[in-house]
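Numbering (the UniProt record's numbering), first residue to last: 1 to 210.
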Ligand SMILES: Nc1ncnc2c1ncn2[C@@H]1O[C@H](COP(=O)(O)OP(=O)(O)O)[C@@H](O)[C@H]1O
Ligand SMILES: Cc1cn([C@H]2C[C@H](O)[C@@H](COP(=O)(O)OP(=O)(O)O)O2)c(=O)[nH]c1=O
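Structure below.
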């Protein structure tokens with residue numbers, strides 16, 4: 001059985017970059033790696049709905065925190081069997097954003113005293129009811145909010161409504177810190193994305209987990 005390793009962090013924190021470098025480091029060690037990213041893009045109606053909501057094409061559906069959480073969760077549910085098959089066939093399944101993104105971003109849209117409820121609700125929905133595989137390890141790529149914003153701005157891509165909301169990103173960083181501190185769903189490893197990362201030793205650590 002392969003290990004499900006999740007990369008989490010703000011938009012522009014360097015998740016995609018880390019995913020690529022870590023995959024190469026795993027492969028240098030002879031490990032078979034499958035990569036996934038959520039939200040998916042263009043695969044099916046679930047992926048399209050998420051994209052529409054994030055880019056203002058789904059009207060006031062996007063205003064509902066629980067509604068958005070469900071859309072993101074359905075996008076993952078549609079990929080559940082592929083994830084399960086890859087966990088059978090590969091040593092490492094590396095996922096760029098997973099269930100914790102839903103907890104962090106949707107909680108960040110609520111008042112502080114409402115955040116615990118949605119975090120619990122997301123875990124109940126995605127793990128218990130939708131049966132998504134629980135991560136073995138979650139990596140939190142931590143960078144100052146301003147640095148993540150500058151990197152995301154400089155990227156050659158259309159930005160969605162969450163990326164351009166600096167208040168949301170700052171609150172989201174605080175929720176991520178809390179999730180990592182309590183070891184939400186599984187153990188977390190906090191990485192500092194503004195320092196030089198040691199991909200080879202990180203790959204060794206993650207393979208030694210097994
Ligand atoms: N460690 C790093 N140092 C400097 N720039 C980085 C680093 N990691 C990522 N970047 C750059 O920051 C931008 C955002 O990185 P990316 O991996 O796309 O972030 P994310 O997937 O978290 O949104 C990209 O232009 C990338 O080249
Ligand atoms: C996966 C996921 C992402 N999000 C948020 C985080 C991001 O701000 C936004 C879009 O994800 P993002 O990683 O920016 O997608 P892309 O790289 O394709 O633009 O959605 C959630 O709120 N819940 C989720 O379950």
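Don't be surprised by glycine CBs; every beta carbon is placed ideally from N, CA and C.
Every value quoted in this text rests on a predicted model; they were computed, and no experiment measured them.
Under DSSP, residue 142 shares a beta bridge with 192. By the criterion of at least three beta-carbon pairs nearer than 8 angstroms, the region 188-202 is in contact with the region 16-30. The shortest CA-to-CA distance from residue 185 to any of 81, 114, 132 and 205 is the one to 132. Taking residue 37 as reference, the option from 11, 89 and 96 with the minimal CA-CA separation is 96.
Around the C-beta of residue 46, 16 or more other C-beta atoms lie within 10 Å, and the residue is accordingly described as buried.
Counted as a single uninterrupted DSSP element, the beta strand (DSSP E) harbouring residue 3 occupies residues 3-9.
In the three-state scheme derived from DSSP, where H, G and I count as helix and E and B as strand, residue 96 is classed as strand. For residue 163, the shortest separation between its Cβ and any heavy atom of ligand 2 lies below 7 angstroms. Remark: the C-beta of residue 142 is outside contact range of ligand 1, defined as less than 7 angstroms to any heavy atom.
Of the candidates 112, 142, 60 and 64, 142 places its Cα closest to the Cα of residue 191.
According to the DSSP assignment, residue 170 belongs to the alpha helix (DSSP H) that extends over 166-182. Where residue 35 is concerned, the enclosing beta strand (DSSP E) starts and stops at 33-37.
In the structure shown, residue 109 falls within a coil segment according to DSSP collapsed to helix, strand and coil.
Scanning its chain for C-beta atoms nearer than 8 angstroms, with the 5 sequence neighbours on each side dropped, one finds around residue 41 the residues 47 and 51, in chain order. Partner residues in the beta bridge of residue 137, as assigned by DSSP, are 5. Residue burial is scored here from C-beta neighbours: residue 39 has at least 16 other C-beta atoms within 10 angstroms and is therefore classed as buried. In this structure, residue 155 has its beta carbon at no less than 7 angstroms from each heavy atom of ligand 2.
With contacts defined by Cβ atoms closer than 8 angstroms, residue 3 and residue 137 form a contacting pair.
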